[in-house]
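Chemist: A single structure is presented below for examination.
In the working numbering, the protein residues as written are -17 to 60.
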């Protein structure tokens, strides 16, 4: 069963659902999930961005870098 079919099945279930308590539990789970997604995204402040750039420059000067080729080769083993 693909995702689209599963979504349609859930929609049909919700349309026919008569129990307010169960609906409230489902609704709460959805809103909590949305909250968690929002928390994952962190805004970068100007200060954070500058600090990251400075660390990146230090890494580059110290030779702590990898080429695109090296990364590509590593990713083949993931």
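C-beta: ideal position from N, C-alpha, C; glycine also.
These numbers were taken from a predicted model, which means no experiment stands behind them.
(1) In whole angstroms, give me the CA-to-CA distance for residue 28 and residue -3.
(2) Counting only runs that start and end within the stretch -1 to 27, where is the beta strand (DSSP E) found for 3 or more residues in a row?
(3) Between the C-alpha atoms of residue 47 and residue 30, what's the straight-line distance to the nearest angstrom?
(4) For the stretch 36 to 60, list the alpha helix (DSSP H) runs that are entirely contained and at least 4 residues long, ordered along the chain.
Modeler: Checking against the coordinates, here is how it stands:
(1) When only Cα atoms are considered, residue 28 and residue -3 end up about 47 Å apart.
(2) Counting only runs that start and end inside the stretch -1 to 27, there is no beta strand (DSSP E) element of at least 3 residues.
(3) C-alpha separation (whole angstroms): 21 Å.
(4) Entirely contained in the stretch 36 to 60, the alpha helix (DSSP H) runs reaching 4 residues are, in chain order, 50 to 57.
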